[in-house]
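**Student:** Structure in structure tokens, see below.
2 protein chains.
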Amino acid sequence: MSEIPHVVVSRLPIYLRALENIAAEGLTCISSQELSERLGISAAQIRKDLSMFGEYGKQGRGYPVAALTEALRRHLHVDRMWDVVLVGVGDLGHALARYKGFPDHGFRIAMAFDKDPEKIGTRVGEIEVEDVRYMARRVQENGILVGMIATPANAAQEAANTLVFAGVRALLNYAPIHLTVPDDVRVEYLDPVIPLQRMTYYL
Amino acid sequence: MSEIPHVVVSRLPIYLRALENIAAEGLTCISSQELSERLGISAAQIRKDLSMFGEYGKQGRGYPVAALTEALRRHLHVDRMWDVVLVGVGDLGHALARYKGFPDHGFRIAMAFDKDPEKIGTRVGEIEVEDVRYMARRVQENGILVGMIATPANAAQEAANTLVFAGVRALLNYAPIHLTVPDDVRVEYLDPVIPLQRMTYYL
DNA sequence: TAGATTGTTAATCGATTAACAATC
DNA sequence: TAGATTGTTAATCGATTAACAATC
Numbered sequence: 041m042s043e044i045p046h047v048v049v050s051r052l053p054i055y056l057r058a059l060e061n062i063a064a065e066g067l068t069c070i071s072s073q074e075l076s077e078r079l080g081i082s083a084a085q086i087r088k089d090l091s092m093f094g095e096y097g098k099q100g101r102g103y104p105v106a107a108l109t110e111a112l113r114r115h116l117h118v119d120r121m122w123d124v125v126l127v128g129v130g131d132l133g134h135a136l137a138r139y140k141g142f143p144d145h146g147f148r149i150a151m152a153f154d155k156d157p158e159k160i161g162t163r164v165g166e167i168e169v170e171d172v173r174y175m176a177r178r179v180q181e182n183g184i185l186v187g188m189i190a191t192p193a194n195a196a197q198e199a200a201n202t203l204v205f206a207g208v209r210a211l212l213n214y215a216p217i218h219l220t221v222p223d224d225v226r227v228e229y230l231d232p233v234i235p236l237q238r239m240t241y242y243l
Numbered sequence: 041m042s043e044i045p046h047v048v049v050s051r052l053p054i055y056l057r058a059l060e061n062i063a064a065e066g067l068t069c070i071s072s073q074e075l076s077e078r079l080g081i082s083a084a085q086i087r088k089d090l091s092m093f094g095e096y097g098k099q100g101r102g103y104p105v106a107a108l109t110e111a112l113r114r115h116l117h118v119d120r121m122w123d124v125v126l127v128g129v130g131d132l133g134h135a136l137a138r139y140k141g142f143p144d145h146g147f148r149i150a151m152a153f154d155k156d157p158e159k160i161g162t163r164v165g166e167i168e169v170e171d172v173r174y175m176a177r178r179v180q181e182n183g184i185l186v187g188m189i190a191t192p193a194n195a196a197q198e199a200a201n202t203l204v205f206a207g208v209r210a211l212l213n214y215a216p217i218h219l220t221v222p223d224d225v226r227v228e229y230l231d232p233v234i235p236l237q238r239m240t241y242y243l
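Sequence order for the protein chains is A and B.
Heads up: the first sequence begins at 41 in the numbering used here, then just goes up one per residue.
Heads up: the second sequence begins at 41 in the numbering used here, then just goes up one per residue.
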């Protein structure tokens with residue numbers, strides 16, 4: 041079953057995004073060599089990764105864009121729409137709630153919570169900001185499995201605890217802090233300072 | 041010289057962030073074991089990584105927080121302030137320009153550009169949005185080496201080209217597209233859809 | 001058919017872990 | 001001193017690459 045290494049899984053969304061762009065250009069078939077040049081990932085790597093999920097390629101031609109796109113969406117479980125809960129509606133949370141890139145890629149911000157009375161009740165994007173005190177119940181009742189944390193650092197771990205308690209199993213964390221969560225909960229980090237510092241090392 | 045593997049470099053900002061939090065808690069010394077529990081990185085890994093930069097630890101006690109923090113800042117070149125150019129002042133660019141986490145960690149948004157006449161001339165954070173047509177010259181004149189791209193996907197590659205032409209050598213890209221740049225330019229990606237899809241694979 | 005490109009194997013390369021002497 | 005923890009070595013583990021028979 042899940043004998044597919046995480047490094048491979050972590051590249052699948054990148055392949056998917058590239059294939060969507062390639063389809064938008066009107067191409068119906070793409071070779072691993074061509075993909076390699078577009079992504080900076082070796083052609084051998086791409087073929088090996090994709091072969092773990094089935095034989096989608098055709099010798100002499102390459103990979104059919106539409107069929108491979110569909111297959112990747114299926115394997116990544118984004119051939120459906122995931123409801124997402126957002127915690128923290130500051131500048132960043134606001135931007136996330138209005139971000140146009142989610143709906144077409146499997147995600148919908150379904151609820152947003154904040155603790156600031158000034159924000160509670162206001163609208164952002166398609167939804168109304170709710171009181172974080174009711175978050176656990178609301179998340180649980182709606183069976184939401186994906187959360188985004190856009191609170192200040194000092195509120196992030198508590199937000200994570202509440203979300204995990206409420207059943208969330210995947211967390212996207214923008215706060216500049218490592219989150220401690222149970223083993224069956226996934227966390228991905230998007231603190232912008234980290235990648236910036238990774239680059240200044242080389243400057 | 042640069043015989044330090046990139047995987048190691050990529051963990052340094054994470055150690056630095058943790059040490060800053062640990063210092064804020066008032067601790068002056070921390071063992072690799074304790075750090076391991078906080079970060080989910082093995083103690084052996086942490087010791088091996090840190091030993092590549094010098095012998096900061098004391099047997100029996102652990103690592104002195106202040107000295108190690110300072111050393112990491114130095115190695116990452118964030119013991120100075122980097123001026124950053126921001127391209128694209130939509131919701132996300134707006135949030136980035138006002139983000140409080142940059143100044144204390146080595147970065148200052150020094151300029152912001154957009155092509156929308158409605159936005160040009162408005163203020164965001166500490167700065168005024170400028171016309172993207174003058175970006176190359178302004179960036180070059182100020183010797184800016186770090187850029188952040190928060191434009192729509194279809195404008196991102198052109199923004200990158202302009203920035204690279206103007207001398208930028210490190211790019212943080214929020215647009216959902218792979219950027220093609222010369223070998224001596226670093227790019228890090230922060231498209232939020234990618235990490236979300238990495239997690240839904242396991243749901 | 002000839003040319004191109006896949007899927008896969010074996011070889012290489014690199015990263016992580018376990019273990020322990022050195023030492024604070 | 002006794003206990004704890006480092007820095008480092010050797011062993012393990014895993015990921016990437018090169019190469020090519022199979023085949024569209």
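Idealized CB from N, CA, C, for every residue including glycine.
Small disclaimer: the values here were computed from a predicted structure and weren't measured.
Out of A:Ala-63, A:Leu-56 and A:Leu-132, state which residue places its alpha-carbon closest to the alpha-carbon of Leu-212 of chain A.
**Tutor:** Nearest of A:Ala-63, A:Leu-56 and A:Leu-132 to Leu-212 of chain A, Cα basis: A:Leu-132.
**Student:** Would you list, in chain order, the members of the region 145 to 170 of chain A that have their beta-carbon closer than 8 Å to a beta-carbon of chain B?
**Tutor:** Answer in chain order: His-145, Gly-146 and Phe-147.
**Student:** Pick out whichever of A:Leu-126, A:Met-92, A:Val-227 and A:Ala-210 has its Cα sitting closest to the Cα of Val-48 of chain A.
**Tutor:** Checking every option, the nearest Cα to that of Val-48 of chain A belongs to A:Met-92.
**Student:** If we require 4 or more residues per run, which alpha helix (DSSP H) segments fall completely within the region 89 to 154 of chain A?
**Tutor:** 105 to 115 and 131 to 138, all fully within the region 89 to 154 of chain A.
**Student:** Under a CB-based cut-off of 8 Å, is Pro-45 of chain B close to chain A?
**Tutor:** It does not: the Cβ of Pro-45 of chain B has no partner Cβ on chain A nearer than 8 Å.
**Student:** Which residues, in order along the region 200 to 229 of chain A, keep a beta-carbon less than 7 Å from a beta-carbon of chain B?
**Tutor:** Result list: Arg-209, Ala-210, Leu-212, Pro-216, Ile-217, His-218, Arg-226 and Glu-228.
**Student:** I want to know whether the region 48 to 57 of chain B touches the region 71 to 86 of chain B - three or more CB-CB distances under 8 Å.
**Tutor:** With a cut-off of 8 Å, the region 71 to 86 of chain B and the region 48 to 57 of chain B count as touching, because enough Cβ pairs lie within range.
**Student:** What residue range does the alpha helix (DSSP H) around Ile-234 of chain B cover?
**Tutor:** 233 to 240 is the span of the alpha helix (DSSP H), which, as asked, contains Ile-234 of chain B.
**Student:** Using 8 Å as the threshold, is the C-beta distance between Glu-170 of chain A and Met-188 of chain A below it?
**Tutor:** Contact flag unset, no.
**Student:** Determine, using beta-carbon pairs with one atom in the region 154 to 166 of chain B and one in the region 120 to 136 of chain B, whether at least three such pairs fall under 8 Å.
**Tutor:** Verdict: yes, contact present.
**Student:** Tell me, please, whether the region 210 to 229 of chain A touches the region 227 to 237 of chain B by the rule of three or more beta-carbon pairs shorter than 8 Å.
**Tutor:** These segments touch.
**Student:** Is it true that the region 192 to 206 of chain A meets the region 164 to 182 of chain A, where meeting means three or more beta-carbon pairs spaced less than 8 Å apart?
**Tutor:** The region 192 to 206 of chain A vs the region 164 to 182 of chain A: in contact.
**Student:** Which residues of chain A have a Cβ atom closer than 7 Å to the Cβ of Tyr-242 of chain B, listed in chain order?
**Tutor:** Within chain A, the residues near Tyr-242 of chain B are Arg-226.
**Student:** Could you check what DSSP says for Ile-44 of chain A in three-state terms: helix, strand or coil?
**Tutor:** Here Ile-44 of chain A sits in coil by DSSP.
**Student:** Under DSSP, the beta strand (DSSP E) around Val-221 of chain A begins and ends at which residues?
**Tutor:** No beta strand (DSSP E) holds Val-221 of chain A; DSSP gives it neither H nor E.
**Student:** So what's Ala-176 of chain B in DSSP terms, helix, strand or just coil?
**Tutor:** Helix.
**Student:** State yes or no: is the beta carbon of Ala-58 of chain A nearer than 8 Å to at least one beta carbon in chain B?
**Tutor:** With 8 Å as the cut-off, Ala-58 of chain A counts as an interface residue toward chain B.
**Student:** Grouping DSSP H, G and I as helix and E and B as strand, with all else coil, what is Arg-57 of chain B?
**Tutor:** In the structure shown, Arg-57 of chain B sits in a helix (DSSP, three-state: H, G or I).
**Student:** Kindly say whether Asp-123 of chain A, judged by its beta-carbon, lies nearer than 8 Å to any beta-carbon of chain B.
**Tutor:** So, not an interface residue.
**Student:** Find the nearest neighbour of Val-164 of chain A within the set A:Glu-60, A:Arg-138, A:Phe-147 and A:Asp-144, judged by alpha-carbon distance.
**Tutor:** The residue with the shortest Cα to Cα distance from Val-164 of chain A is A:Arg-138.
**Student:** So which residues on chain A does Met-92 of chain B lean against when the C-beta distance must stay under 7 Å?
**Tutor:** What Met-92 of chain B touches in chain A: nothing, since even the nearest Cβ is about 12 Å away.
**Student:** Note down the Cα distance separating Asp-224 of chain A from Thr-240 of chain B, rounded to an integer number of angstroms.
**Tutor:** Each residue's alpha carbon lies about 13 Å from the other.
**Student:** Can you look up Arg-209 of chain A in the DSSP assignment and give me helix, strand or coil?
**Tutor:** If DSSP states are grouped into helix, strand and coil, Arg-209 of chain A belongs with coil.
**Student:** Within the same chain, show all residues whose beta-carbon is closer than 6 Å to that of Ile-149 of chain A, passing over the 5 residues directly before and after it, in chain order.
**Tutor:** Cβ neighbours of Ile-149 of chain A beyond the five flanking positions: Val-124, Leu-126 and Ala-137.
**Student:** Who are the Cβ neighbours of Gly-167 of chain B in its own chain at under 6 Å, not counting the five residues just before and after it?
**Tutor:** Note on identity: in this sequence residue 167 of chain B is Ile, with Gly being the wrong assignment. Same-chain partners within the cutoff: Ala-152.
**Student:** Quick check on His-218 of chain B: buried or exposed, where buried means 16 or more other Cβ atoms within 10 Å of its Cβ?
**Tutor:** It counts as buried.
**Student:** Does any C-beta atom of chain B lie closer than 8 Å to the C-beta of Met-41 of chain A?
**Tutor:** Its pLDDT being 45, under 50, Met-41 of chain A is placed unreliably by the model, and the measurement read from it follows with that caveat. Chain B contact via Cβ: absent.
**Student:** DSSP three-state label for Val-49 of chain A, please.
**Tutor:** Helix at Val-49 of chain A.
**Student:** Could you give the DSSP three-state label for Glu-74 of chain A: helix, strand or coil?
**Tutor:** Here Glu-74 of chain A sits in helix by DSSP.
**Student:** For the beta strand (DSSP E) that Gly-187 of chain A lies in, which residues bound it at each end?
**Tutor:** Gly-187 of chain A -> beta strand (DSSP E) spans 186 to 189.
**Student:** What's the call for Gly-94 of chain A, buried or exposed, on a 16-neighbour Cβ count within 10 Å?
**Tutor:** By the 10 Å Cβ count, Gly-94 of chain A comes out exposed.
**Student:** Taking the alpha carbon of Gly-186 of chain A as the reference point, which residue from A:Pro-45, A:Gly-146 and A:Leu-112 has its own alpha carbon closest?
**Tutor:** Just to set this straight, residue 186 of chain A is Val in the shown sequence, not Gly. Per the Cα distances, A:Gly-146.
**Student:** Going by Cα to Cα distance, which pick from A:Trp-122, A:Tyr-229 and A:Ile-62 is closest to Gly-183 of chain A?
**Tutor:** Here the closest residue by C-alpha is A:Trp-122.
**Student:** Using CA coordinates, which residue listed in B:Val-129, B:His-115, B:Ile-62 and B:Gly-128 is at the minimum distance from Tyr-103 of chain B?
**Tutor:** Of the candidates B:Val-129, B:His-115, B:Ile-62 and B:Gly-128, the one whose C-alpha sits nearest the C-alpha of Tyr-103 of chain B is B:Ile-62.
**Student:** DSSP three-state call for Ile-81 of chain B: helix, strand or coil?
**Tutor:** Note: Ile-81 of chain B maps to coil in three-state DSSP.
**Student:** Give the straight-line distance between the Cα atoms of Gly-207 of chain A and Gln-180 of chain A, rounded to the nearest whole angstrom.
**Tutor:** Cα to Cα, Gly-207 of chain A sits roughly 6 Å from Gln-180 of chain A.
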